[in-house]
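Novice: So the protein sequences, as listed, match chains A and B. Take 1 as the starting number for the first sequence in the working numbering and just add one per residue. Take 302 as the starting number for the second sequence in the working numbering and just add one per residue. C-beta: ideal position from N, C-alpha, C; glycine also.
Number of protein chains: 2
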Amino acid sequence: MFKKITIIGMGLIGSSLARAIKKKKLCKNLVAHDLSSSVLKKVKKLKICNEIELNIKKSVFNSDLVIICTPLSSYKQIILNIRNNLKKGCILTDVGSAKVAVSQIVKKLINKKEIIWIPAHPIAGTENSGPEHGFAELFKNRWCIVTPINKSNQKSLKKIINFWKKIGSRTQCMKAEHHDKVMAITSHIPHLIAFNIVGTAANLENDTKSEVIKYSASGFRDFTRIASSDPTMWRDIVMNNSKQILNMLNKFNYDLNKLKKTIINKDKNKLFKLFSKTGKVRKEIIKAGQDINLPNFGRKN
Amino acid sequence: MFKKITIIGMGLIGSSLARAIKKKKLCKNLVAHDLSSSVLKKVKKLKICNEIELNIKKSVFNSDLVIICTPLSSYKQIILNIRNNLKKGCILTDVGSAKVAVSQIVKKLINKKEIIWIPAHPIAGTENSGPEHGFAELFKNRWCIVTPINKSNQKSLKKIINFWKKIGSRTQCMKAEHHDKVMAITSHIPHLIAFNIVGTAANLENDTKSEVIKYSASGFRDFTRIASSDPTMWRDIVMNNSKQILNMLNKFNYDLNKLKKTIINKDKNKLFKLFSKTGKVRKEIIKAGQDINLPNFGRKN
Chain A
1 MFKKITIIGM GLIGSSLARA IKKKKLCKNL VAHDLSSSVL KKVKKLKICN
51 EIELNIKKSV FNSDLVIICT PLSSYKQIIL NIRNNLKKGC ILTDVGSAKV
101 AVSQIVKKLI NKKEIIWIPA HPIAGTENSG PEHGFAELFK NRWCIVTPIN
151 KSNQKSLKKI INFWKKIGSR TQCMKAEHHD KVMAITSHIP HLIAFNIVGT
201 AANLENDTKS EVIKYSASGF RDFTRIASSD PTMWRDIVMN NSKQILNMLN
251 KFNYDLNKLK KTIINKDKNK LFKLFSKTGK VRKEIIKAGQ DINLPNFGRK
301 N
Chain B
302 MFKKITIIGM GLIGSSLARA IKKKKLCKNL VAHDLSSSVL KKVKKLKICN
352 EIELNIKKSV FNSDLVIICT PLSSYKQIIL NIRNNLKKGC ILTDVGSAKV
402 AVSQIVKKLI NKKEIIWIPA HPIAGTENSG PEHGFAELFK NRWCIVTPIN
452 KSNQKSLKKI INFWKKIGSR TQCMKAEHHD KVMAITSHIP HLIAFNIVGT
502 AANLENDTKS EVIKYSASGF RDFTRIASSD PTMWRDIVMN NSKQILNMLN
552 KFNYDLNKLK KTIINKDKNK LFKLFSKTGK VRKEIIKAGQ DINLPNFGRK
602 N
């Protein structure tokens, strides 16, 4: 499919992509770059790439596809480092969870006549970080959202869409603005809420805190999973989608205040109504194949 | 261990208890009561009890242990119905998720010289309801909190503690007030937050709502599991622990407003600090054996 692919950033997503590319034989030569030489050492040991390259300029030399898999705050420096070393006609893509802000940064910095910038975002991941936690099936049956920035590169766009399909994903094109709005409610707010409640618990007096751990199976533990995601990644997502996040956070807060009033007023019927309507949403998610239909996510604990 | 046990309410918890009692042979005669004859029909088919009895007064006749496994709002009527039919020396217990309010109701209504009231709360469950979803291992390695109301019934208290140990649980005695405080943060607030965010998503315009389902694997789906728990049960928990819940909700809200300001101020370092400290809590939960150490709760989707 490609002669040479370069992955910049070999964490959970980058290393999973490498494994999937290798498994599906999507290129002849797969090069991995990471800022950290210890990460690259791990990657070498895992044998999931043809080459490792600590020099970012060298890593993209002659590549047909360059995939940025790093936190959003590093994009600008990465582009400044590689833009004069990218091959003419090279497709540049990414896997970032916020699209509007970084897409504009990249657009401004590259030579649009020579480099084809097609942002993308696979809706996949786990709470773990690092190349040792990646696996080839991470993207299977998951959606990959592609947010092309203009209509001119239909051929390359098709290539990117096919690339994700071969990896096992379902694909959807949409505008970056819309992506950021949808992700604010499906991903960014849930993570913020989880970080916040786990933070609230961590602020409690020591006695209660240890009991929170002990009795976490009553609901709390579900929140701690996503609140243990990579802090750098999440700091960058929040910084790069703050407008949509604050907008959705206001909606959430408005509803929470209404709920608080309902509790203060001891309005039984209203509580029942709210608690009844939410069960349907889970059924739809299971029907759409987006979660497992087993109690407690099928976990054996 | 007991001659006759009566379970009142054969939902997920009641039916799981029945299965566990049968499996561990903790009584000679196990009687199941439920308000719903269709539930009792299911119970009969499942063969998890010796008898089913639609008449609540008859169901408790000569029982050594009566376990209430119904929503909290039904306790008062149940006690009024059975109090003159309970055997002298009978132990009365429950599995409710809020203890202070109902414990007082029961205390007032029973003859304390004849009936030994020992409230309890097994920290176990799934998002499913109904006897068909129960299983004997539900309580295994889970905590059961016992909140005895006075010091006079050490023998019966020991018996209840042993009962839960034989079922596979770990047990802990504490005051009802403390139980309600700890559960507010570990269980009640997480559920309310989940109900609330799923409600916020359900209120969005139709287009976005369908996308919330589609892209829910990015975090949102974790919340929909607990937001699909039984609405009657949760209405009653909130009504019976509103003081502690509102107190913790204020703490959560205070932290959320601080987080909002941090986002508005684009304070990168503060965000990173918050997102870093929460990962430790998950590690402690896994270390304490209260969750599974597999990415995405080990789910295969």
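Per DSSP, F524 of chain B is paired with what?
Specialist: The residue labelled residue 524 of chain B in the question sits at position 223 within the second sequence. Beta-bridge pairing links F524 of chain B to no other residue.
Novice: So which residues on chain A does R320 of chain B lean against when the C-beta distance must stay under 9 Å?
Specialist: Here residue 320 of chain B corresponds to residue number 19 of the second sequence, with the count starting at 1. What R320 of chain B touches in chain A: nothing, since even the nearest Cβ is about 15 Å away.
Novice: For chain B, check one thing: does any of its Cβ atoms lie closer than 8 Å to the Cβ of M183 of chain A?
Specialist: Along the first sequence, one-based indexing puts residue 183 of chain A at 183. Yes, M183 of chain A lies at the interface with chain B (some Cβ there is under 8 Å from its Cβ).
Novice: Just the C-alpha distance for P432 of chain B and L294 of chain A, rounded to the nearest angstrom, thanks.
Specialist: The residue labelled residue 432 of chain B in the question sits at position 131 within the second sequence. The residue labelled residue 294 of chain A in the question sits at position 294 within the first sequence. Cα to Cα, the separation comes out at about 16 Å.
Novice: A18 of chain A to K28 of chain A, Cα distance in whole Å?
Specialist: Indexing the first sequence from 1 puts residue 18 of chain A at position 18. Indexing the first sequence from 1 puts residue 28 of chain A at position 28. Approximately 12 Å between the Cα atoms of the pair.
Novice: Going by other Cβ atoms of all chains shown within 10 Å of its Cβ, with 16 needed for buried, is N269 of chain A buried or exposed?
Specialist: For the purposes of this step, residue 269 of chain A is taken as the residue at position 269 of the first sequence. It is exposed - the Cβ of N269 of chain A has fewer than 16 other Cβ atoms within 10 Å.
Novice: Against chain B, with Cβ distances strictly below 8 Å, would P71 of chain A count as a contact?
Specialist: Reading the first sequence from its first residue, position 71 is the one you call residue 71 of chain A. Closer than 8 Å: no.
Novice: Could you give the first and the last residue of the continuous beta strand (DSSP E) run that contains K24 of chain A?
Specialist: For this step, residue 24 of chain A is matched to residue 24 along the first sequence. That residue, K24 of chain A, is in no beta strand (DSSP E); it is neither H nor E in DSSP.
Novice: Are the Cβ atoms of I68 of chain A and G9 of chain A separated by less than 8 Å?
Specialist: To locate residue 68 of chain A, count along the first sequence from 1; it is residue 68. To locate residue 9 of chain A, count along the first sequence from 1; it is residue 9. Contact flag set, yes.
Novice: Look at the Cβ atom of I110 of chain A, then the Cβ atom of S156 of chain A, and state whether they are nearer than 8 Å.
Specialist: Mapped onto the first sequence, residue 110 of chain A falls at position 110. Mapped onto the first sequence, residue 156 of chain A falls at position 156. Going by C-beta atoms, I110 of chain A is not nearer than 8 Å to S156 of chain A.
Novice: Which whole-angstrom value is the C-beta distance of L493 of chain B and I185 of chain A, which I expect to be below 8 Å?
Specialist: Within the second sequence, residue 493 of chain B is the residue found at index 192, counting from 1. Within the first sequence, residue 185 of chain A is the residue found at index 185, counting from 1. Not quite, the Cβ-Cβ distance comes to about 18 Å (not below 8 Å), so this is no contact.
Novice: What distance in whole Å lies between the Cβ atoms of F496 of chain B and T278 of chain A, which are believed to be in contact at a cut-off of 8 Å?
Specialist: As a working note, residue 278 of chain A is residue 278 in the first sequence. As a working note, residue 496 of chain B is residue 195 in the second sequence. Right, their Cβ atoms sit about 5 Å apart.
Novice: Taking 8 Å as the threshold (beta carbon to beta carbon), is Q378 of chain B in contact with chain A?
Specialist: The count along the second sequence starts at 1 and reaches residue 378 of chain B at position 77. For Q378 of chain B, the answer is no, since every Cβ of chain A falls outside 8 Å of its Cβ.
Novice: State yes or no: is the C-beta of K47 of chain A nearer than 7 Å to some heavy atom of the ligand GDP?
Specialist: Absence of the ligand GDP is noted for the structure shown, with no ligands found whatsoever.
Novice: Taking 8 Å as the cut-off, decide whether the C-beta atoms of K601 of chain B and I292 of chain A are in contact.
Specialist: Here the question's residue 601 of chain B lines up with position 300 in the second sequence. Here the question's residue 292 of chain A lines up with position 292 in the first sequence. Cβ atoms of K601 of chain B and I292 of chain A: closer than 8 Å.
Novice: Checking contacts by CB at 8 Å: is Q455 of chain B closer than that to chain C?
Specialist: Here the protein chains are A and B, and chain C is not one of them.
Novice: For a quick check, are the C-beta atoms of T509 of chain B and V182 of chain A less than 8 Å apart?
Specialist: For this step, residue 509 of chain B is matched to residue 208 along the second sequence. For this step, residue 182 of chain A is matched to residue 182 along the first sequence. For T509 of chain B and V182 of chain A, yes; Cβs fall inside 8 Å.
Novice: Check whether the Cβ atoms of I189 of chain A and S543 of chain B lie closer than 8 Å to each other.
Specialist: Against the first sequence, residue 189 of chain A aligns to sequence position 189. Against the second sequence, residue 543 of chain B aligns to sequence position 242. The answer is no: Cβ separation not under 8 Å.
Novice: Thinking just about the alpha-carbon of each residue, which of A:V60, A:G89, A:S97 and A:D64 is nearest to the one in I79 of chain A?
Specialist: In the first sequence, counting from the first residue as 1, residue 79 of chain A sits at position 79. Nearest C-alpha to I79 of chain A: A:V60.
Novice: Report yes or no: do the segment 441-448 of chain B and the segment 172-181 of chain A share at least 3 C-beta pairs separated by less than 8 Å?
Specialist: no
Novice: Between A:A20, A:K140 and A:G199, which lies nearest to K47 of chain A when the distance is taken from Cα to Cα?
Specialist: Locating residue 47 of chain A in the first sequence gives position 47, counting from the first residue. It is A:A20.
Novice: My guess is that K324 of chain B and A421 of chain B are in contact by the Cβ rule of under 8 Å, so how many angstroms apart are they, rounded?
Specialist: Counted from its first residue, the second sequence places residue 324 of chain B at position 23. Counted from its first residue, the second sequence places residue 421 of chain B at position 120. So it is not a contact: roughly 19 Å between Cβ atoms.
Novice: Buried or exposed for S103 of chain A, going by 16 or more other Cβ atoms inside 10 Å?
Specialist: The count along the first sequence starts at 1 and reaches residue 103 of chain A at position 103. It is buried - the Cβ of S103 of chain A has at least 16 other Cβ atoms within 10 Å.
Novice: What residue range does the beta strand (DSSP E) around L92 of chain A cover?
Specialist: Residue numbering aside, residue 92 of chain A sits at position 92 when the first sequence is read from its first letter. L92 of chain A -> beta strand (DSSP E) spans I91 to D94.
Novice: Roughly how far, in whole angstroms, is the beta-carbon of P122 of chain A from the beta-carbon of F573 of chain B, given that I think they are within contact range, below 8 Å?
Specialist: Within the first sequence, the letter at position 122 stands for residue 122 of chain A. Within the second sequence, the letter at position 272 stands for residue 573 of chain B. Not a contact, Cβ separation roughly 24 Å.
Novice: Considering Q455 of chain B, what are the terminal residues of the alpha helix (DSSP H) in which it resides?
Specialist: Counting from one through the second sequence, the residue named residue 455 of chain B turns up at place 154. Counting along the chain, the alpha helix (DSSP H) containing Q455 of chain B begins and ends at Q455 to I468.
Novice: Where does K214 of chain A land, buried or exposed, given buried means 16+ other C-beta within 10 angstroms?
Specialist: On the first sequence, residue 214 of chain A is found 214 positions in, with the first residue counted as 1. Burial is judged here by how many other beta carbons sit within 10 angstroms of a residue's own beta carbon; K214 of chain A has at least 16 and is buried.
Novice: With respect to the beta strand (DSSP E) encompassing K304 of chain B, which residues constitute its N-terminal and C-terminal limits?
Specialist: Taking the second sequence and counting its residues from 1, the one referred to as residue 304 of chain B is at position 3. F303 to I309 is the span of the beta strand (DSSP E), which, as asked, contains K304 of chain B.
Novice: Are the CB atoms of D236 of chain A and S73 of chain A nearer to each other than 8 Å?
Specialist: Against the first sequence, residue 236 of chain A aligns to sequence position 236. Against the first sequence, residue 73 of chain A aligns to sequence position 73. Yes; because the gap between Cβ atoms is below 8 Å, this pair is in contact.
Novice: How close, in whole Å, do the beta carbons of G219 of chain A and I527 of chain B come, if the pair is a contact with beta carbons under 8 Å?
Specialist: In the first sequence, the residue the question calls residue 219 of chain A occupies position 219. In the second sequence, the residue the question calls residue 527 of chain B occupies position 226. 5 Å between Cβ atoms; contact.
Novice: Since L572 of chain B meets chain A, which of its residues come closer than 7 Å, beta carbon to beta carbon?
Specialist: For the purposes of this step, residue 572 of chain B is identified with residue 271 of the second sequence, where counting begins at 1. By Cβ distance, chain A contributes R235 and V238.
Novice: Check this for me: beta carbons of I82 of chain A and K107 of chain A, under 8 Å apart or not?
Specialist: Mapped onto the first sequence, residue 82 of chain A falls at position 82. Mapped onto the first sequence, residue 107 of chain A falls at position 107. In this structure, K107 of chain A does not lie closer than 8 Å to I82 of chain A by Cβ.
Novice: Quick check: what's the CA-CA separation for L249 of chain A versus E352 of chain B?
Specialist: Within the first sequence, numbered from 1, the residue matching residue 249 of chain A stands at position 249. Within the second sequence, numbered from 1, the residue matching residue 352 of chain B stands at position 51. Roughly 52 Å separates the two Cα atoms.
Novice: What's the C-alpha gap between A402 of chain B and K266 of chain A?
Specialist: The sequence position of residue 402 of chain B within the second sequence is 101, counting from 1. The sequence position of residue 266 of chain A within the first sequence is 266, counting from 1. A402 of chain B and K266 of chain A: Cα-Cα distance of roughly 14 Å.
Novice: Between I494 of chain B and chain A, is any beta-carbon pair separated by less than 8 Å?
Specialist: As a first step, residue 494 of chain B must be located in the second sequence, where it is residue number 193. Yes, I494 of chain B counts as interfacial toward chain A.
Novice: Indicate whether M1 of chain A and L26 of chain A have their beta-carbon atoms separated by less than 8 Å.
Specialist: If you number the first sequence from 1, residue 1 of chain A lands on position 1. If you number the first sequence from 1, residue 26 of chain A lands on position 26. Yes, Cβ-Cβ distance for M1 of chain A and L26 of chain A is below 8 Å.
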